[in-house]
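First residue of the sequence shown? That's 2 in this note's numbering, and the numbers climb one at a time after it. Everything on this sheet refers to the single structure shown next.
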Amino acid sequence: MGDAIIKRVVSCICLYLFFAAVSGAAASGQRIQWVDVSDGIREGGIRSVAVDPDNPDMVFVCSDVAVYKSFNGGRTWDEILSFRTTPKSLNTVFIPFAKPLTVYTGTRDGLLRSSDGGLSWERVFSGVGSEKNSVLSIAVDPESPGRIVIGTEAGVFFSEDNGKSWAKGQNLPSDTAIAHLAMDSANPYLVYAAADTGLYKSLNGGNGWRKILDTTAADDDHLLSTGEEDDDDEIEGMKSIRSIVIDPSNSEILYAATSRGLRISRDGGGTWKRAGSLGLGSLDIRHILLHGDKSSSLYAATGRGVFRYSQTSDIWEELYKGMLSPEIHFLALSNVNHDKGKTLWAATRKGVYRAELPVQFLNGSFVRNGTGSGEQNVRKQDMLSIFSHEPTIGEVREAAIQYAEVQPEKILKWRKAAARRAWLPDVKVAYGKNKDWQSSTYFYSTSSEKYKDDDVTKGKDKAWSISLDWELGDLIWNSAQTSIDTRSRLVVQLRDDVLAEVTRLYFERRRLMVEMLISPSEGIADSIENELRLQELTAGLDALTGSYFSRKLGQGSGISRQGPGTE
Numbered sequence: 002m003g004d005a006i007i008k009r010v011v012s013c014i015c016l017y018l019f020f021a022a023v024s025g026a027a028a029s030g031q032r033i034q035w036v037d038v039s040d041g042i043r044e045g046g047i048r049s050v051a052v053d054p055d056n057p058d059m060v061f062v063c064s065d066v067a068v069y070k071s072f073n074g075g076r077t078w079d080e081i082l083s084f085r086t087t088p089k090s091l092n093t094v095f096i097p098f099a100k101p102l103t104v105y106t107g108t109r110d111g112l113l114r115s116s117d118g119g120l121s122w123e124r125v126f127s128g129v130g131s132e133k134n135s136v137l138s139i140a141v142d143p144e145s146p147g148r149i150v151i152g153t154e155a156g157v158f159f160s161e162d163n164g165k166s167w168a169k170g171q172n173l174p175s176d177t178a179i180a181h182l183a184m185d186s187a188n189p190y191l192v193y194a195a196a197d198t199g200l201y202k203s204l205n206g207g208n209g210w211r212k213i214l215d216t217t218a219a220d221d222d223h224l225l226s227t228g229e230e231d232d233d234d235e236i237e238g239m240k241s242i243r244s245i246v247i248d249p250s251n252s253e254i255l256y257a258a259t260s261r262g263l264r265i266s267r268d269g270g271g272t273w274k275r276a277g278s279l280g281l282g283s284l285d286i287r288h289i290l291l292h293g294d295k296s297s298s299l300y301a302a303t304g305r306g307v308f309r310y311s312q313t314s315d316i317w318e319e320l321y322k323g324m325l326s327p328e329i330h331f332l333a334l335s336n337v338n339h340d341k342g343k344t345l346w347a348a349t350r351k352g353v354y355r356a357e358l359p360v361q362f363l364n365g366s367f368v369r370n371g372t373g374s375g376e377q378n379v380r381k382q383d384m385l386s387i388f389s390h391e392p393t394i395g396e397v398r399e400a401a402i403q404y405a406e407v408q409p410e411k412i413l414k415w416r417k418a419a420a421r422r423a424w425l426p427d428v429k430v431a432y433g434k435n436k437d438w439q440s441s442t443y444f445y446s447t448s449s450e451k452y453k454d455d456d457v458t459k460g461k462d463k464a465w466s467i468s469l470d471w472e473l474g475d476l477i478w479n480s481a482q483t484s485i486d487t488r489s490r491l492v493v494q495l496r497d498d499v500l501a502e503v504t505r506l507y508f509e510r511r512r513l514m515v516e517m518l519i520s521p522s523e524g525i526a527d528s529i530e531n532e533l534r535l536q537e538l539t540a541g542l543d544a545l546t547g548s549y550f551s552r553k554l555g556q557g558s559g560i561s562r563q564g565p566g567t568e
């Protein structure tokens, strides 16, 4: 036993020294620190954020009931549009690249525009019917700002005269909701529309459309390209498209954010490839963006945080420091460089966050150095051995299921109990008791006598009965099944949420421990931050497992319990 512990400690020390010497590019994303800049915003859930292209400190955000503006990079906010006292709501906010003082906001009651930075507003589009009124996405020609394309819950509409008149895009299903629009900066007449039925492409500024990707295939787990070269294996699982980005350096390269990961096309949408998911905490990607420079990095907003993707290494890196809201709705990046880089903004369920991106972070890719594949495999196995005394992901997931009482067997027991219920009759017991009393007095007389007679009658009776009633049809179906179906859906949803959160915390904790081992922090502040983050992740797992995780760690070595490099 003692030899095994000594061997493990020596192995960790060797790994520590080796990777400290060769990990100059490792963990670059952890230099990024999110800052909550929500002070002054009354709502928690922020749907969208837009940054002035000429002034990175002028930012607009919208919740479902209000639009806010900041002149100083989020330090203070002014409410410039409010729908609080109306049944209307807001969907998105947008700033055209060529007209910074112009702000558009898509609402459930049409498209609003401000030409003075939010001081006054005018309605420039109002469709017929609630679906046409609801504007979900906006695109404006950067060369000719009078050309506007909007996506609604009932298709695409476009204007060539700055919103004075509108026409509806052709060859789109009338009830198609357009979640996102992407306009090519080099050729503004090339527009893509992400819809609930697939991906559409227009070559004439939004007038005519052609479906290039279908999400309504018979098999919900497959998305079929309508191009000549279909590759079901590569584009499998792209069920819902949320966001589209066109590479500014090559309009043939497209990026699609879907509910099941990132997909990439290099031929204008003809064929699609699945991007890697290593390091991605959630496949449910809500929004993506490129930072505009010639770089291989892409940023994604997911239901589990913000992630950065490198095409060079085909891996993801979470940008988590300081981010308190795991649910991210929208991202925006300043187009103007600060002295130290650019600013990344995140609209989340718990407010607005900003992070400064250094120039070297924008231009670099996070590929770790190493030696031959054989040596890497050996060192990888040695490194993963530090987790040998920790519970496996299966054990932790099972503990979380037991703690939350969302076992699949629970639903089965409900159904069996409901079926057995039919064998038990409805028992009715009746008991009755009656009493009666009657008294009569009679008077009569003759000439010689008088008579008085009393007649008293008393009665008492008791009765009882029992009846048994069977509904044998309940053996096949009974009304309790409806209630069970409803409860089972809630249990399954809760179980999925619990397991998703446990899986995210578990592997995020492991990634952090490996990072702390191969890329030790240079300063005490970063070291303390990593230690606190490790404790936070452990506490999160304990909260979901009833402290099972820490109890199991207590049975292992100090390295696994405290993290690499601690005593």
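Yeah, the Cβ is synthetic: ideal placement off N, Cα and C, and Gly gets one too. Please read these numbers as outputs of a predicted model, since none were measured by experiment.
query: Between which two residues does the beta strand (DSSP E) carrying A569 extend?
result: Because the chain here runs from 2 to 568, residue 569 falls outside it and cannot be looked at.
- prompt: Could you give the residue range of the alpha helix (DSSP H) that holds D215?
  reply: Where D215 is concerned, there is no enclosing alpha helix (DSSP H), although the beta strand (DSSP E) it sits in stretches over R211 to D215.
message: For the alpha helix (DSSP H) containing K553, name the first residue and the last one.
response: Where K553 is concerned, the enclosing alpha helix (DSSP H) stretches over Y549 to L554.
query: Can you give the Cα-Cα distance for S551 and L358, rounded to whole angstroms?
result: If I take the Cα positions, the gap works out to 35 Å.
message: Under 8 Å: do the stretch 143-161 and the stretch 191-209 share three or more Cβ pairs, one atom per stretch?
response: Of all C-beta pairs linking the stretch 143-161 to the stretch 191-209, three or more are shorter than 8 Å, placing the two stretches in contact.
query: Where does K434 sit, in a helix, a strand or coil, going by DSSP?
result: Annotated three-state conformation of K434 is strand, per DSSP.
task: Sort S260, D65, V499 and V192 by Cα distance to R398 and report the nearest one.
output: With respect to the C-alpha of R398, the residue from S260, D65, V499 and V192 having the closest C-alpha is V499.
task: Give a yes or no on contact between the stretch 250-264 and the stretch 281-289, applying the rule of three or more CB pairs nearer than 8 Å.
output: A contact exists between the stretch 250-264 and the stretch 281-289.
field: Top-ranked residue by Cα proximity to S90, from F98, D65, L113 and G306
entry: In terms of Cα proximity to S90, the closest of F98, D65, L113 and G306 is D65.
- prompt: Which of the three DSSP states, helix, strand or coil, is assigned to Q536?
  reply: Residue state, collapsed to three classes: helix.
- prompt: When burial is assigned at 16 or more other CB atoms within 10 Å of the CB, is T442 buried or exposed?
  reply: Label assigned to T442: exposed.
query: In terms of DSSP beta bridges, what is F61 paired with?
result: Partner(s): A51 and K70.
message: On the CB-based measure, 16 or more other CB atoms within 10 Å of its CB, does I467 come out buried or exposed?
response: Exposed is the call here.
query: Where does W465 sit, in a helix, a strand or coil, going by DSSP?
result: W465 carries a strand assignment under DSSP once its states are collapsed to helix, strand and coil.
message: Quick check: the stretch 139-151 against the stretch 96-105, are at least 3 beta-carbon pairs closer than 8 Å?
response: Contact between the stretch 96-105 and the stretch 139-151 is present, because at least three Cβ pairs lie under 8 Å.
field: Close beta carbons around I81, own chain, < 6 Å, minus the five adjacent residues each side
entry: Here the set comprises V68, K70 and G119.
query: Under the rule that 16 or more other beta-carbon atoms within 10 Å means buried, what is L469, buried or exposed?
result: By the 10 Å Cβ count, L469 comes out exposed.
message: Is it buried or exposed, T313, if we count other Cβ atoms within 10 angstroms and call 16 or more buried?
response: Under this definition T313 is an exposed residue.
query: Cβ of Y256 within 7 Å of Cβ of I289?
result: Yes, they are a contact pair.
message: Only counting the same chain, and skipping five residues up and downstream in sequence, which positions put a Cβ closer than 6 Å to that of L102?
response: Counting only Cβ-Cβ distances below 6 Å, and skipping sequence neighbours, we find G118.
- request: Can you grab the Cα-Cα spacing for the pair P426 / S49, in whole Å?
  value: The straight-line gap separating the alpha-carbon atoms of P426 and S49 is approximately 59 Å.
- prompt: Near G306, which residues of its chain fall below 7 Å by C-beta distance, leaving aside the five closest residues on each side in sequence?
  reply: Same-chain partners within the cutoff: G282, E319, Y321, M324, P327 and I329.
message: Tell me which residues share the same chain as Q171 and place their Cβ nearer than 7 Å to its Cβ, disregarding the 5 neighbours each side in the sequence.
response: Result list for Q171: N208, G209 and W210, in chain order.
field: C-alpha gap between L413 and G75, whole angstroms
entry: Inter-residue distance for L413 and G75 is about 52 Å (C-alpha atoms, whole angstroms).
query: What is the DSSP secondary structure of F98, reduced to helix, strand or coil?
result: If DSSP states are grouped into helix, strand and coil, F98 belongs with coil.
message: Could you pull the DSSP bridge partners for S244 from this structure?
response: S244 is bridged to A258.
message: Here's the rule I'm using: 16 or more other beta-carbon atoms within 10 Å means buried, otherwise exposed. How should I525 be labelled?
response: The residue in question, I525, is exposed, as its Cβ has fewer than 16 Cβ neighbours within 10 Å.
field: Residue environment, T349, which counts as buried when at least 16 other CB atoms sit within 10 Å
entry: Counting C-beta atoms within 10 angstroms of its own C-beta, T349 has 16 or more neighbours from the protein chains shown and is therefore classed as buried.
- prompt: D37 by DSSP, collapsed to three states: which one?
  reply: Three-state result, D37: strand.
- request: Name the two residues that bound the continuous alpha helix (DSSP H) containing R398.
  value: For R398, the uninterrupted alpha helix (DSSP H) segment begins and ends at I394 to A405.
task: Evaluate contact between the stretch 429-439 and the stretch 388-404, counting only Cβ atoms and requiring at least three cross-stretch pairs below 8 Å.
output: No: the two stretches stay apart, fewer than three of their Cβ pairs being nearer than 8 Å.
field: 8 Å contact criterion, which I179 and A196 should meet: CB distance rounded
entry: The Cβ separation is near 5 Å, so the contact holds.
field: Run of the beta strand (DSSP E) containing P359, from where it starts to where it stops
entry: Run containing P359: G352 to P359, per the beta strand (DSSP E) assignment.
field: Where the beta strand (DSSP E) containing L291 begins and where it ends
entry: In this chain, the beta strand (DSSP E) harbouring L291 covers I286 to L291.
field: Nonlocal neighbours in the same chain, by C-beta distance under 6 Å from L345, ignoring five residues either side
entry: Counting only Cβ-Cβ distances below 6 Å, and skipping sequence neighbours, we find L334, A356 and L358.
message: Which of the three DSSP states is assigned to S278 in this structure?
response: The three-state secondary structure of S278, taken from DSSP, is coil.
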